[in-house]
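Student: Numbering follows our numbering, in which position 128 of the sequence shown is assigned residue number 580; successive positions increment by one, without gaps. Following this message is one structure expressed as structure tokens.
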Amino acid sequence: MSSATVNDFFQAITSSGASKDDLNIIYDSVKKFSEATSKNKNIKVFLSNDIYPAESKLDVIKDVVGEKQQAINFFKTIIDFGILNDLISSSEFFLKKIRSILSKVKVKVVVSSLTQRKEEIVRKGLEEVWGSDLEIDFFIDKEIIGGVILQVEDKFFDGSISGKLKKINNII
């Protein structure tokens, strides 16, 4: 059993002189992998179960992330070192670290309604503040009444009407 961790692999990848293109490929593949294991319980259970052979797991991962050689090599190494379960449980941590190296910023935007024009305005405003390499996910939640809630990486900004009403209610 190896004592390697996902963090060890992050350190190895980033100190090995991997190109930005290689890091982007690994990032995109881990992101697809994370989404698949989050949304599809069958994939997560299959990949987590030691009863299945490594080759079968790698085949499933290829179906999820694609056939880019850098991604396949990364996942093969993760499987060979027996830390696939660690990656499943800590993929967001891994993604966040790679985003910081690639100068990417993940933004979650919650609004009560969204038109194409509103999305463009919000996107443009965020790019002015945080730069152009943003991963923006928009969500609609009618319960916020109006305004916007932003989560930029670990920072949380609540500019919603419901958030302001809650603050007022807490004061009273």
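Don't be surprised by glycine CBs; every beta carbon is placed ideally from N, CA and C. In this text, all values refer to a predicted model and were calculated from it rather than measured experimentally.
1. Taking the C-alpha atoms as reference points, what is the distance between leucine 547 and aspartate 538?
2. For tyrosine 504, which option in Lys484, Lys483, Ile531 has the closest C-alpha, if you only look at C-alpha atoms?
3. Can you give me the Cβ contacts of methionine 453 inside the same chain, cut-off strictly under 8 Å, excluding the 5 residues immediately before and after it?
4. Along the beta strand (DSSP E) that carries phenylalanine 608, what are the first and last residues, could you check?
5. Taking the continuous beta strand (DSSP E) assigned at phenylalanine 533, which residues delimit it?
6. Can you give me the Cβ contacts of isoleucine 430 inside the same chain, cut-off strictly under 7 Å, excluding the 5 residues immediately before and after it?
7. Where asparagine 476 and glycine 599 are concerned, what is the direct C-alpha to C-alpha distance, given to the nearest angstrom?
8. Out of curiosity, what's the CA-to-CA distance linking isoleucine 601 and aspartate 585?
9. Skipping 5 residues on each side, what residues in its chain have a beta carbon closer than 7 Å to that of glutamate 507?
10. Tell me, to the nearest whole angstrom, how far the beta carbon of valine 557 is from that of valine 604; I am working on the premise that it is less than 8 Å.
11. Ordered along the chain, which non-local residues of its own chain (more than five positions away) have a Cβ less than 7 Å from that of serine 500?
12. Verify whether the separation of the beta carbon atoms of serine 565 and isoleucine 592 is less than 8 Å.
13. Reducing DSSP to helix, strand and coil, say where leucine 566 ends up.
Tutor: Taking the structure as given:
1. 13 Å
2. Ile531
3. Here methionine 453 scores only 41 on pLDDT, less than 50, and its place in the model is too uncertain to base an answer on.
4. DSSP places phenylalanine 608 inside the beta strand (DSSP E), whose first and last residues are 607-612.
5. Taken as a continuous stretch (DSSP letters only), phenylalanine 533 belongs to no beta strand (DSSP E), as it is neither H nor E.
6. What is shown of the chain runs 453 to 624, which leaves residue 430 out entirely.
7. 33 Å
8. Those two C-alpha atoms are separated by around 20 Å.
9. Within the same chain, glutamate 507 has no close Cβ partners at all.
10. By a beta-carbon distance limit of 8 Å, valine 557 contacts valine 604. Their separation comes to about 6 Å.
11. Asn537, Ile540
12. Yes, the Cβ-Cβ distance between serine 565 and isoleucine 592 is below 8 Å.
13. coil
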